[in-house]
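*Asks:* Under the working numbering, the sequence shown has 16 at position 15, and the numbering climbs by one with no breaks.
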Amino acid sequence: MPGRLYSVSLLGLALAAVLLTGREFRSLSEKQTVVRGPGVSAVTRLSDCLPALRGTAGDTDVYFLESGKPGGTLLVLGGVHANEPAGMLSAVLLVENARLEKGRMLVIPEANASAFTHVESAEGFPVRFTMAAEDGSARWFRFGGRLTNPVHQWPDPEVYTHYPSGQLLSDFDVRNLDRAFPGRPDGNFTERIAFAITGLIRREKVDLTIDLHEARPMNPIVNCVIFHERAREIASLGSIDLESAGVKLRLEPSPQNLHGMSHRELGDHTDTTALLMETANPIQDRLHGRTSEQLILDGRDDFFLQAARRGLLYVTYEGKGLPLEERVGRHLASLAKLVQIFGELNPEREIGLGNLPDYALLKDRGISPFLRPAIR
Ligand SMILES: [Zn+2]
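1. With H, G and I counted as helix, E and B as strand and the rest as coil, what does DSSP make of G355?
2. If you draw a straight line from the alpha carbon of N189 to that of R24, how long is it in whole angstroms?
3. Please indicate yes or no: does the CB of H332 lie closer than 6 Å to some heavy atom of ligand 1?
4. With H, G and I counted as helix, E and B as strand and the rest as coil, what does DSSP make of A58?
5. Which parts of the stretch 126-184 are runs of the beta strand (DSSP E), unbroken and 3 residues or longer, counting only runs that do not cross its ends?
6. Starting from the Cα of L66, find the closest Cα among K32, T191, C50 and K103 and give me that residue.
7. Is E111 near ligand 2 - that is, is its Cβ less than 6 Å away from at least one heavy atom of it?
8. In its own chain, which residues sit with a C-beta less than 6 Å from the C-beta of D62, not counting the 5 before and 5 after it?
9. Assuming H214 is part of the beta strand (DSSP E), what are its boundary residues?
10. Do the CB positions of A112 and G40 come within less than 7 Å of each other?
11. Just checking my contact of P218 with L298 at CB under 8 Å: how many whole Å lie between their CB atoms?
12. In whole angstroms, what separates the C-alpha of L267 from that of L14?
13. Below 6 Å CB to CB, which residues in the same chain sit around F371 once its five sequence neighbours on both sides are set aside?
14. Quick one: is Y7 buried, meaning 16 or more other Cβ sit within 10 Å of its Cβ, or exposed?
15. Is the distance from the Cβ of P378 to the Cβ of D302 below 7 Å?
16. On the DSSP bridge list, what partners appear for L20?
17. The alpha helix (DSSP H) spanning A116 covers which residue range?
18. Going by CA-CA distance only, name the one from I227, L54 and G290 that's closest to P254.
19. How about E215 and A87: are their beta carbons less than 7 Å apart?
20. Counting along the chain, where does the alpha helix (DSSP H) carrying V1 start and finish?
Following this line, the structure appears as structure tokens:
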């Protein structure tokens, strides 16, 4: 009898573990809210450009903000890498705040929606982070992985061959959306997502594409704009103007022989002018201490402070860390400048962006005043 009681207890414990972990696993598929701001004229799905994506974890919302006045078309990508929250959040703030004064803007805050449904294993990453909206109510966002969720694309090959260049890349990069462009309609899941974005650019005749990322503070590409050759002048003039405004944006030409990245392939395979920007994200670096929601929000970690003192970081790092509002503010200020320069160089395709959250205001008051309450 005691043995039987023991078995029943063990079974009970196992069931409880399954229920608890199962609930947590299911919650990873729960979608964060993006509120339609007053400037949004339509919301479509990425799968409109590739019906095979419909109903899959790779489908995602595409927000249209249109002025009704002639001008150019801008596409902003956030969340190509779901573990780089400033990129996604900058795109969310554009959707919730911006008003177009000329031309139009398309925004995809979660470009790789599948990557927002998991985190990299064995790192103890938080799966979401919470901030207050303008009225004090809570808004939560997903912290995801760099790659497509292996639940949606598996197994990885021993070597990933990029299409169409034939370049050989690391096995895991087969699930990296920023190694999958321009993509193909009958390729693997990540290539299909890339193909749909490329198709959107062609269909909507997107003039300017800006892809928002973050990188490790120990990576020299932080606080850089990486530009396709057709975007060289915009990036150079933008960098000069930003520096005089106190924002240092380093210039990095897109490597011609490194394939799959948005700035290279979208520039080569479509008529769009393609750029990518990086801010510095401590939680992405190997150097971090405890991986917590706090580290996502303020980027404060004593290990980085010590590394900065030894000159190992490519960003200025002080006791206050690298707060998310500063990274988002930098992205939005840089984006506004690049869009303005694009308009000056191409007056017939000018894109007028109004009501963007100001960098100084973001640094001073944080992100909350620019987040709308999530009313479902
Ligand atoms: Zn990235």
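All C-beta atoms in this analysis are idealised placements derived from N, C-alpha and C, irrespective of residue type, glycine included.
*Replies:* According to the structure data:
1. On the sequence shown, position 354 is the one that residue 355 refers to. In the structure shown, G355 sits in a strand (DSSP, three-state: E or B).
2. As a position in the sequence shown, residue 189 is number 188, starting the count at 1. As a position in the sequence shown, residue 24 is number 23, starting the count at 1. Distance between the alpha carbons of N189 and R24: 29 Å.
3. Position 331 of the sequence shown, counted from the first residue, corresponds to residue 332. Relative to ligand 1, the beta carbon of H332 is positioned no closer than 6 Å to any heavy atom.
4. Taking the first residue of the sequence shown as position 1, residue 58 is located at position 57. Note: A58 maps to coil in three-state DSSP.
5. 129-133 and 139-143
6. Here residue 66 refers to the residue found at position 65 of the sequence shown. Checking every option, the nearest Cα to that of L66 belongs to K103.
7. Absence of ligand 2 is noted for the structure shown, with ligand 1 being the only ligands found.
8. The residue given as residue 62 occupies position 61 in the sequence shown. Cβ neighbours of D62 beyond the five flanking positions: V44.
9. Within the sequence shown, the letter at position 213 stands for residue 214. Element bounds for H214: L209 to A216.
10. Along the sequence shown, read from residue 1 onward, the residue named residue 112 stands at position 111. Along the sequence shown, read from residue 1 onward, the residue named residue 40 stands at position 39. By the CB criterion at 7 Å, A112 and G40 fall outside the cutoff.
11. One-based indexing of the sequence shown puts residue 218 at position 217. One-based indexing of the sequence shown puts residue 298 at position 297. Actually they are not in contact, since the Cβ atoms of P218 and L298 sit about 16 Å apart, beyond 8 Å.
12. Start at 1 with the first residue of the sequence shown, and residue 267 comes out as number 266. Start at 1 with the first residue of the sequence shown, and residue 14 comes out as number 13. For L267 and L14, the distance between alpha carbons rounds to 52 Å.
13. Residue numbering aside, residue 371 sits at position 370 when the sequence shown is read from its first letter. These residues qualify, in order along the chain: L94, N98 and P358.
14. On the sequence shown, position 6 is the one that residue 7 refers to. Residue environment for Y7: exposed (fewer than 16 other C-beta atoms within 10 angstroms of its C-beta).
15. Because the chain in this structure spans residues 2 to 377, residue 378 falls outside the shown range and cannot be described.
16. Locating residue 20 in the sequence shown gives position 19, where the first residue counts as 1. Per DSSP, none; premise fails for L20.
17. In the sequence shown, residue 116 corresponds to position 115, counting from 1. From DSSP, A116 is part of no alpha helix (DSSP H); its letter is neither H nor E.
18. Within the sequence shown, the letter at position 253 stands for residue 254. The shortest C-alpha separation from P254 is found at I227.
19. Stepping through the sequence shown from its first residue, residue 215 is reached at position 214. Stepping through the sequence shown from its first residue, residue 87 is reached at position 86. Contact: yes.
20. With the chain covering only 2 through 377, there is no way to say anything about residue 1.
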